[in-house]
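Working notes for the structure below.
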Amino acid sequence: MGGNSSSPPPDGARRRLGGSVFTRGKALAARAREMIPGGSHTYAKGDDQYPQLSPAFIARGDGCHVWDVDGNEFIEYGMGLRAVTLGHAYKPVLRAVERELANGTNFNRPAPIEVECAEAFLASVPSAQMVKFCKDGSTAVDAAIRLARCLTGRDMVAICGDHPFFSTSDWFIGTTGMPGGIPQWIRDQTVKFRYNDVASVEALFDLYRGKIAVVLLEAARTVEPAPGFLEALQALCKRQGALLVFDEMITGFRWHAAGAQHVYGVTPDLSTFGKALANGFALSALAGRREIMELGGFGHARERVFLLSTTHGAETHSLAAGIATMRVYRDEPVTERLHAAGRRLRAGFMQAVDAHGLRGSVDCVGRDCGLLFVTGDADGRPSQALRALFMQEMIKRGVLAPSFIVSYSHSDRDIDLTVDAAGEALAVYRKALEDGVDRYLVGPPVKPVFRPHD
Ligand SMILES: Cc1ncc(COP(=O)(O)O)c(C=O)c1O
Numbered sequence: 025m026g027g028n029s030s031s032p033p034p035d036g037a038r039r040r041l042g043g044s045v046f047t048r049g050k051a052l053a054a055r056a057r058e059m060i061p062g063g064s065h066t067y068a069k070g071d072d073q074y075p076q077l078s079p080a081f082i083a084r085g086d087g088c089h090v091w092d093v094d095g096n097e098f099i100e101y102g103m104g105l106r107a108v109t110l111g112h113a114y115k116p117v118l119r120a121v122e123r124e125l126a127n128g129t130n131f132n133r134p135a136p137i138e139v140e141c142a143e144a145f146l147a148s149v150p151s152a153q154m155v156k157f158c159k160d161g162s163t164a165v166d167a168a169i170r171l172a173r174c175l176t177g178r179d180m181v182a183i184c185g186d187h188p189f190f191s192t193s194d195w196f197i198g199t200t201g202m203p204g205g206i207p208q209w210i211r212d213q214t215v216k217f218r219y220n221d222v223a224s225v226e227a228l229f230d231l232y233r234g235k236i237a238v239v240l241l242e243a244a245r246t247v248e249p250a251p252g253f254l255e256a257l258q259a260l261c262k263r264q265g266a267l268l269v270f271d272e273m274i275t276g277f278r279w280h281a282a283g284a285q286h287v288y289g290v291t292p293d294l295s296t297f298g299k300a301l302a303n304g305f306a307l308s309a310l311a312g313r314r315e316i317m318e319l320g321g322f323g324h325a326r327e328r329v330f331l332l333s334t335t336h337g338a339e340t341h342s343l344a345a346g347i348a349t350m351r352v353y354r355d356e357p358v359t360e361r362l363h364a365a366g367r368r369l370r371a372g373f374m375q376a377v378d379a380h381g382l383r384g385s386v387d388c389v390g391r392d393c394g395l396l397f398v399t400g401d402a403d404g405r406p407s408q409a410l411r412a413l414f415m416q417e418m419i420k421r422g423v424l425a426p427s428f429i430v431s432y433s434h435s436d437r438d439i440d441l442t443v444d445a446a447g448e449a450l451a452v453y454r455k456a457l458e459d460g461v462d463r464y465l466v467g468p469p470v471k472p473v474f475r476p477h478d
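Counting from 25, one number per residue, gives the positions in the sequence shown under my numbering.
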């Protein structure tokens, strides 16, 4: 188990919380909204993503437990938008970062740790031949797109329309429900296909003959690849002269330390990693085939690509965090534990769903290491109000869960406390289906991030 496997919470996880205990958080949120558009620097952390009775600000975390600014303690899921896979303030990672900070963080020439981190990454993901680091996932995915466009001399990007997020850049945001400020000609360059539907990709290649540079998807998300799907994509891209890119921002170091590409046995031309790579420190990576990656280097006769060159890209302490994180993955059964913890949670949760007769309305989907809960109405239609209600009732019972995505620090006891809380929360959910959700939900429903108007 993880280095921060926390002892059972003395009072927090089972304490019933009420709206009044979020006083400091609410005051801070009001100040934040005065200065920060939307009140937070990341949409997914925003007030509109959580019910009104929520901790608005988290002051600290340890393992899978967090404390808000009012001193309330929660078992947390999702943890840093899936970035913190080992646990908050995970000691071996912190020690490595502290050691590196004392040496200085950024120089005019590369630091040796850049080589060490590249070696550690390529040892962990042996299907990749070269790697370049940066700070966030979007930048890495953007770089994959640029490489593909330069190599193929084509402009268009085919993305999987069933996967919700790839980048903060115009070529992707232009395809979402919030495309304000993005010219139509840029939006037109990105087209969508369906997951597990090779024919939908073939149709795009037919419609935009000779124009598609790249096929981009997560190797899997909540649905596993149908037998032969990823292989067929690979063969199709080869035939059509396009690159295949796997966005492993979520699957990397969660499905397996060698990525989903290892699990499914299909090596893409390029892949992108981030999030779990450095247990919450800012580090992401573009990895892939040597002859493509080398376009960003020198010593070749082809047109060069400006590839991932940023001031902070190789900050030494983030690389130290990455190396320490990858070492834990190498030496300990991290991804096995993530799967086992999720399996236990899914089993307990679905038992509670059945006990309350909620099958068809409530579900738990995805691979065990990355579970999402689904909240539907009596007819199974997705409901943001019922999602808010479920989150509200979990928060009352000491569980902060926008998803059921576990970390290495979630102990069996944490999981069992969560299942108990879910059982009680689902009892309220059941009543809400019968009496109307408004009777039980305090405040408005949560909202989707991508919406053109408020
Ligand atoms: C699959 C996927 N790709 C890319 C990104 C972008 O990463 P970042 O937010 O670090 O730019 C995300 C972020 O949530 C993601 O989930």
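A virtual CB, placed ideally from N, CA and C, is assigned to each residue, including glycine.
When we look at the beta-carbon of residue i and count the other beta-carbons within 10 Å, is it buried (16 or more) or exposed?
i: R119; result: exposed
i: I236; result: buried
i: L231; result: exposed
i: E360; result: exposed
i: S31; result: Note that S31 has pLDDT 43, beneath the 50 cutoff, so the model's placement of it is unreliable and the number below is only indicative. Flag for S31 reads exposed.
i: F297; result: buried
i: G201; result: exposed
i: D35; result: Model confidence at D35 stands at a pLDDT of 44, short of 50, so the residue's coordinates are unreliable and nothing is read from them.
i: D438; result: buried
i: R123; result: exposed
i: H380; result: buried
i: G460; result: exposed
i: L125; result: exposed
i: A371; result: exposed
i: M59; result: exposed
i: G321; result: exposed
i: D92; result: buried
i: G304; result: buried
i: G95; result: exposed
Let me check understanding here. Comparing Cα to Cα, which of the options lies closest to residue i?
i: R411; options: Y74, G49, K69; result: Y74
i: Q213; options: V225, A227, D194, E226; result: D194
i: I183; options: P203, I206, K216; result: K216
i: L77; options: R421, A446, S431; result: R421
i: A80; options: G87, F98, D86, C88; result: F98
i: T109; options: R123, C88, A284, T129; result: C88
i: V247; options: P207, G198, A266, H187; result: H187
i: V269; options: R278, L331, D166; result: D166
i: L331; options: T66, K156, L105; result: K156
i: T192; options: R211, T163, G185, I169; result: T163
i: R463; options: P472, Y453, Q258, V470; result: Y453
i: S224; options: L257, I206, S295, P476; result: L257
i: G337; options: L307, V45, P116; result: L307
i: R354; options: A446, A107, P150, G95; result: P150
i: H286; options: E226, L146, G447, D440; result: L146
i: E140; options: D403, A348, D478; result: A348
i: T291; options: V398, L254, A168, G128; result: L254
i: D160; options: Q208, E339, A54; result: E339
Below 7 Å, is the gap between the Cβ of residue i and the nearest heavy atom of ligand 1?
i: S64; result: no
i: I197; result: no
i: M418; result: no
i: L395; result: no
i: F330; result: no
i: G265; result: no
i: I82; result: no
i: L110; result: no
i: S193; result: no
i: I183; result: no
i: S162; result: yes
i: G298; result: yes
i: V16; result: Nothing in the structure corresponds to residue 16, since the chain is present only between 25 and 478.
i: M273; result: yes
i: V165; result: yes
For residue i, does the three-state DSSP call read helix, strand or coil?
i: R383; result: strand
i: I274; result: coil
i: W91; result: strand
i: R84; result: strand
i: L343; result: helix
i: V352; result: helix
i: V247; result: coil
i: G26; result: Only weak support is given to the placement of G26: the predicted model assigns it a pLDDT of 46, under 50, and the question is left unresolved by the model.
i: G42; result: Low confidence applies to G42: its pLDDT is 49, below 50, so where it sits in the model is not reliable enough to give any reading.
i: F189; result: coil
i: G62; result: helix
i: T176; result: helix
i: T214; result: strand
i: G283; result: coil
i: V470; result: coil
i: H477; result: coil
i: G400; result: strand
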